[in-house]
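Asker: The sequence shown begins at 329 in our numbering and counts up by one.
Ideal Cβ placement from N, Cα and C applies to all residues, glycine included.
First, the structure itself, so that you have it in front of you.
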Amino acid sequence: MGFRDLVVEGDTLIVIKKLKSDSADRSMISNIINKSQRKRFSFVNLSFEYTSRKTNEITHALEAREYNLTSLSYWIEEVPTEMEPTIVNDQRRLLNR
């Protein structure tokens, strides 16, 4: 797909801190963390950002949606129609912090 810039958001602060770290991880999820850290060099700009669970409902809604699909799908630019209300709620929560 040729992405140059990527922002990875997550609502688990300890995981985001591990992803931002320059040192090798030795936790139970070390293979995921270390592989993700190596991917940094595949992008011009890659950042890992923490977002609270309250403002990240879309992630959980997409996860539930994917669980019920029989094939892999991607959300690149256009929001899936059924996810629009969740996006609006997340935006409201972000603005009201």
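Rounding to the nearest angstrom, what Cα-Cα distance links D353 and I361 in this structure?
Answerer: Near 7 Å, if we compare the C-alpha coordinates of I361 and D353.
Asker: Ordered along the chain, which non-local residues of its own chain (more than five positions away) have a Cβ less than 8 Å from that of V343?
Answerer: So the qualifying residues of the chain are I357, I361.
Asker: In terms of residues, what are the limits of the alpha helix (DSSP H) holding N362?
Answerer: Element bounds for N362: 358-366.
Asker: Once DSSP output is grouped into helix, strand and coil, what is the label at D350?
Answerer: Three-state result, D350: coil.
Asker: Where L347 and T383 are concerned, what is the direct C-alpha to C-alpha distance, given to the nearest angstrom?
Answerer: Rounded to whole angstroms, L347 to T383 spans 20 Å at the Cα level.
Asker: Comparing the C-beta of S364 with each C-beta of chain C, is any distance below 8 Å?
Answerer: Looking for chain C here will not work: only one protein chain is present.
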